[in-house]
Each structure stands twice: as C-alpha cells, then as structure tokens.
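Residue numbers (the working numbering): 1 to 639.
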C-alpha cells in the first residue's frame with residue numbers, strides 16, 4: 001500500500017480490469033527474471049522507523065499531521081494512527097561503515113522529530129506497543145484522515161463483518177471485541193529491507209524464515225497492551241487480529257490469514273510467493289490509475305513499476321515480505337523483515353539489524369538453503385514460540401536438535417554472524433560494537449520486553465496506580481532512549497518518573513476495575529451478602545447471560561433486607577431481582593473523570609457501572625477516587 005490514493009470498487013468491470021493488470025504484472029516479472037533484467041551482485045540494506053507521539057504526560061498525542069507539517073521532510077510520512085509517524089531511510093550498500101552511517105542518519109532525523117514535537121509539548125517514543133495506550137485510542141477517532149486508511153477500514157468490514165474478537169493470552173489475558181482496523185495502530189515496527197540477487201531469492205527468503213525466531217527472541221519489545229502482560233512480542237498477535245479478513249465458520253474449511261509466517265519453503269523463485277498470494281487472497285483495492293501493459297513495456301526495453309502487483313502485495317502481510325522495486329530505472333528484489341519492533345533505542349535497533357544481516361549471510365555460507373534440512377513446521381513453531389516467550393523459549397535447529405534460544409544465539413549464531421559480516425566487508429569496529437550489544441543483551445536475558453516486565457514486577461505493590469506505572473514505563477523509555485543507551489544497561493523504571501502523569505486520570509478507563517464480581521437476577525441474596533463479605537466490596541452488579549447490565553445491589557439494600565426479616569430463623573430465599581436497583585446510572589469508559597465524580601456527587605451514589613453498548617465492562621467507586629488524588633480532582637471541579 002505504497003500510495004495514499006487507493007480505492008475499492010465493486011464494479012465488475014473495474015475488478016476485471018485490475019485483475020488483468022495484476023496478471024500482466026506477474027507475467028512481466030516472469031519475463032524480467034528470464035531475461036536477467038533485475039539487478040544482481042548488489043547487497044543493500046534500508047529501513048523504515050515507526051514511532052509514537054506522546055504528550056507531556058506520556059499519553060498518546062494525535063499530532064501526526066501537525067508534526068509532519070512542521071518537519072517538512074519527505075523522509076517522514078503518516079501511519080494509520082494520528083499518534084504514529086514513520087521515517088523512511090535510504091538504502092545503504094552492505095559494506096564498510098554502512099551500519100554506523102545508518103545509525104547516524106537515523107539519530108539525526110529522530111533528533112529533529114523530537115525538537116519539532118517538543119514545540120507541541122510532546123515526546124517521541126520508540127517502542128513496539130506504547131504502554132499508555134487505552135482501548136479508546138484504538139478507535140476511528142484517532143485514524144489518520146487519509147483515503148488509504150479509510151478505504152482499508154471499509155473493505156475489511158465488508159470481508160469479515162463489522163466486528164471481530166481479539167483473544168490474546170499471556171501472563172494476563174486480553175479479550176475484547178473491536179469494530180475498527182485501528183487496533184493495528186497500537187503497533188510500531190523497525191522494518192529492515194535487504195536487496196538480494198534474483199537467482200538466489202528462494203534460498204535467501206528461506207533463510208529469512210529460518211532466522212526469524214532467533215532474531216525476535218533476542219529483540220522482543222512489546223509485552224504490554226491495554227495494561228495487560230501478554231506475549232513478549234504482542235505486536236504479532238495484535239497485527240494478526242486487526243487485519244484478519246476471515247469469518248468464523250461452522251465448517252472445517254482452511255482459510256489462510258492475510259498476516260502469516262507462511263506455509264512452506266520456497267522452491268525456486270519469488271514468483272511462487274506472488275502467485276500464491278494472488279491465488280489465495282482477494283484483492284482489497286482495485287481502482288488504480290490507467291496504466292500501460294507491463295509486458296509491453298518489457299518488450300520495448302522499458303522497466304515497469306508493476307503498480308498493480310505492488311498494490312496487492314501491500315495488502316498481504318507476510319512477516320518476511322517479498323518486494324519488487326525500481327530505483328534510478330533499475331529493478332531489484334528485496335526481502336522485507338517486518339518482525340522487528342521499534343526501539344528500545346536506536347543503537348538496539350542497529351544491533352538487531354547487524355545480527356539479522358550476519359545470520360542471513362552466515363547461514364547462506366555455512367548451510368546454504370535450509371529447505372530439506374529442517375522441517376518448515378518446526379521453523380514456524382519456533383516463530384510463534386519466540387514471540388510468546390522471548391529468550392525463554394527453546395528452538396528447533398538442524399539435525400533435529402532443540403536448543404534453548406539463549407544457548408543457540410550465544411554459542412552458534414553470534415559467532416556465525418560476526419564471521420560473515422567481516423567477510424562481507426563491514427567495518428570491524430561496527431561488527432564488534434553491534435554484535436557485542438546482542439551478546440550482552442542475550443547473556444543477561446534483558447530485552448526490551450524483559451526490561452518492561454521486570455520494571456512492572458519491581459513497582460511498589462501499594463500507593464501507585466496502574467496509570468502511574470504505565471506512564472512511568474513510557475517516561476523511562478523516553479529518558480533512556482534519548483541517550484541512545486542499549487536496553488540491557490537501562491535502570492528499571494521508577495514510579496516517580498511518571499511526574500505530572502500522576503494527575504493524569506482523564507478518562508475512567510484509565511483506572512476502572514474490570515475484574516468484577518457479578519450475579520444474575522435469580523441468584524439468592526445470601527450469595528450477594530457473602531460476596532460482599534468475602535471480597536470487601538459494597539456493591540454487586542447484576543448482569544444477564546450476554547453480560548448486559550440489569551441492575552445493582554448495594555450494601556445498604558442488604559442491611560435493610562436482613563433488618564426487616566421477621567425472624568432470624570426465616571429460611572425464605574429471596575432472589576436478587578427483588579432487591580436490586582434497576583436501570584442504574586452508568587458511564588462509558590471514555591467518560592471524563594471529572595464528569596464521573598460530578599455525577600456521583602450530584603446523585604449521591606457511590607458506584608458507577610461502566611458499560612459499552614450495554615455490555616458491562618467495569619466499575620468505578622468512591623474508593624477509586626480516594627486512591628487517585630481525589631482532593632486535586634475536587635479542586636479542579638470547584639474551579
């Protein structure tokens with residue numbers, strides 16, 4: 001999806017015309033491969049840096065359009081969310097000081113972005129998933145107003161329906177229903193491109209698949225989403241959910257997801273990937289500008305851009321993506337590594353690039369094509385396991401062995417990467433510096449994900465709220481990455497770093513209780529009394545089987561009930577529906593804290609159920625406000 005001006009048309013004639021262009025592009029690529037018209041003998045590396053924008057209190061800041069205008073630099077572009085931006089780096093020849101040169105350019109561009117965002121009172125954050133994101137940020141209100149993104153939203157809803165379920169389980173579990181593609185905006189990546197020879201593409205692509213697990217095990221940086229501790233690299237699960245086009249079915253038909261690791265080894269050509277994707281995935285967009293036949297251009301000695309193929313390829317999200325491009329009139333093929341997260345710091349990202357390149361070159365030299373030497377199913381299993389467990393996982397390797405990721409990386413893959421990078425002509429100083437960072441990080445088992453999770457474990461058990469802890473994680477990330485320190489040398493986040501964020505409880509979703517004790521209308525009131533006693537709560541919410549809120553029972557209602565009983569020995573069981581208050585006042589998770597507090601004061605109630613589309617999702621009580629600097633909120637209310 002390289003262009004922002006894309007459309008989808010249901011007109012059959014338009015669909016057929018686009019498909020004709022798509023098939024023409026594939027045939028043109030086939031001719032170019034046969035005639036040697038795609039560049040060989042060059043290894044170049046490039047990257048795309050995605051990052052978050054936050055305000056002075058470390059909350060997502062929807063300032064993308066304003067900051068982009070202030071930057072006035074074509075290297076920066078929009079992303080799906082208004083709190084994201086992307087920076088595109090030019091390709092570098094894989095030789096000499098290319099890695100440190102890339103680091104220098106990246107740091108300079110990000111320094112400019114930080115300076116521009118500072119004029120708006122905000123910060124740049126390099127991280128896979130921003131800790132301070134809330135469910136309300138994954139809504140259409142925060143979508144960048146570009147045709148590309150609106151069109152994607154509309155076509156996905158047509159294919160999979162208006163809503164989809166998300167279920168991700170780690171230390172905690174995240175279960176929710178979403179009606180927008182904006183969940184994908186919760187992710188930020190550092191995508192690396194490697195130009196490869198067309199005749200070696202299949203072998204190099206297979207190697208990219210093989211090394212995906214060890215590189216992500218050493219680079220995880222996305223363990224938290226909506227305050228839940230999930231996978232070490234939760235981005236993978238989030239992306240797979242957010243742009244999945246499959247509907248649930250009662251039949252056992254196999255439908256492949258558009259986001260995937262792949263189904264098997266590539267045999268001989270990049271054409272296998274493009275043909276398979278066209279065969280299996282419907283086109284999401286089809287209304288492109290009129291263009292000449294790509295086959296005719298090849299026959300006339302011209303190099304086509306294959307726009308129809310690029311458009312379709314941009315809507316099938318393989319974690320290792322095949323890319324065709326044209327630079328200065330010369331066509332080339334690239335492998336795009338989409339698995340690496342943004343951050344934790346630029347030097348960490350460049351260390352990840354060095355390790356990935358070193359493994360790519362080293363596996364080629366030592367083992368050749370892994371096809372036939374290790375089952376693809378084992379490699380795919382490695383990928384998912386590494387995303388979930390990081391360095392704690394075990395990986396299948398050659399000869400049927402299964403090794404701890406830490407041992408495989410330290411004992412075999414880092415030495416292999418070091419040797420291959422030096423043979424490729426990269427600076428010895430760069431190789432030692434970047435692979436030294438990987439070695440220290442893996443030895444200490446301290447990836448970005450480990451740093452976040454360890455910080456959460458060490459936060460004080462009492463006193464600090466969930467919002468403070470998440471803001472502290474983000475603040476510490478900002479402070480450390482500005483110094484460009486590798487993450488394994490970062491101090492654990494301290495709650496004090498949250499600063500003004502201690503007062504930032506703008507919406508009730510930031511602190512509402514979601515772990516609820518509920519009953520149905522037909523339950524006995526004695527159960528309610530025991531729930532209150534056992535769990536030290538003063539309100540029990542009543543819901544039906546579909547989680548629709550139907551009422552609320554208060555501690556006072558329970559007291560009145562037992563005080564009015566004619567005998568202490570009375571055994572008549574009273575159902576909850578006889579004592580509950582129906583149609584209780586409710587709020588939504590987006591309700592402002594001040595509005596919620598005002599509502600409770602004016603109506604003299606101590607509990608506000610939180611609902612979304614009638615479904616019970618949480619509750620806020622007087623006790624919550626007491627722990628959230630209530631006096632300050634009251635002062636603001638009285639101003």
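A virtual CB, placed ideally from N, CA and C, is assigned to each residue, including glycine.
Alpha helix (DSSP H) segment containing residue i, residue limits
i	result
residue 429	428–444
residue 62	It is not in any alpha helix (DSSP H) - residue 62 carries neither H nor E in the DSSP assignment.
residue 458	448–458
residue 241	234–242
residue 117	98–118
residue 641	No answer is possible for residue 641: the residues shown for the chain start at 1 and end at 639.
residue 58	Careful: residue 58 lies outside any alpha helix (DSSP H) and carries neither H nor E.
residue 274	271–280
residue 487	Residue 487 -> no alpha helix (DSSP H), and no H or E assigned at all.
residue 146	Premise fails: residue 146 is in no alpha helix (DSSP H) and is neither H nor E.
Of the listed residues the options, nearest to residue i (C-alpha basis)
i	options	result
residue 368	380, 201 and 440	201
residue 293	616, 28, 565 and 587	28
residue 132	417, 313, 540 and 228	228
residue 554	518, 138 and 167	518
residue 654	412, 453 and 203	Nothing about residue 654 can be read from this structure; the chain reaches only from 1 to 639.
residue 439	562, 279 and 410	410
residue 397	450, 389, 382 and 387	382
residue 449	348, 185, 579 and 16	348
residue 644	336, 543, 205 and 168	Outside the displayed range of the chain (1 to 639) lies residue 644, so it cannot be described from this structure.
residue 222	213, 216, 232 and 215	232
residue 649	546, 577, 537 and 561	Beyond the ends of the chain as shown, which are 1 and 639, falls residue 649; an answer cannot be given.
residue 176	353, 511, 134 and 87	134
Collapsed DSSP secondary structure at residue i in the structure displayed
i	result
residue 551	strand
residue 196	strand
residue 481	helix
residue 261	coil
residue 214	helix
residue 134	coil
residue 179	coil
residue 291	coil
residue 414	helix
residue 67	helix
residue 15	helix
residue 398	helix
residue 141	helix
residue 385	helix
residue 587	strand
residue 472	helix
residue 577	helix
residue 24	helix
residue 10	coil
residue 38	strand
residue 466	helix
residue 252	Residue placement at residue 252 cannot be trusted, given a pLDDT of 47 that sits under 50; the coordinates are not used to answer.
residue 173	strand
residue 81	strand
residue 641	In the structure as shown, the chain begins at 1 and stops at 639. Residue 641 is therefore absent and cannot be evaluated.
First through last residue of the beta strand (DSSP E) which encompasses residue i
i	result
residue 47	44–54
residue 124	123–125
residue 166	164–169
residue 77	76–78
residue 87	84–88
Residue-level contact to chain D via CB, residue i, 7 Å cutoff
i	result
residue 585	Included in the structure is just one protein chain, with no chain D present.
8 Å contact criterion, which residue i and residue j should meet: CB distance rounded
i	j	result
residue 230	residue 174	6 Å
residue 269	residue 485	Actually they do not touch by this definition, with Cβ atoms about 44 Å apart.
residue 44	residue 93	6 Å
residue 286	residue 18	4 Å
residue 564	residue 614	Actually they do not touch by this definition, with Cβ atoms about 33 Å apart.
residue 64	residue 82	5 Å
residue 322	residue 273	5 Å
residue 617	residue 584	In fact, because the Cβ distance is near 14 Å, the residues do not count as touching under 8 Å.
residue 640	residue 576	Only positions 1 to 639 of the chain appear in the structure, and residue 640 is not among them; the question remains open.
residue 433	residue 487	About 15 Å separates the two Cβ atoms, so there is no contact after all.
residue 87	residue 75	6 Å
Distance cut-off 6 Å: residue i Cβ against heavy atoms of the ligand SAM
i	result
residue 283	The ligand content of the structure shown is nil, which means the ligand SAM is not present either.
At 3 residues or longer, what runs of the beta strand (DSSP E) sit wholly inside the stretch 306–346?
320–327 and 330–337
In chain order, what are the residue ranges of uninterrupted alpha helix (DSSP H) at least 4 long that sit wholly in the stretch 355–380?
none
Runs of alpha helix (DSSP H) wholly within the stretch 592–630 (minimum 4 residues, chain order):
593–603 and 622–626
Just to confirm the assignment: which complete alpha helix (DSSP H) runs, minimum length 4, are found wholly within the stretch 494–547?
525–535
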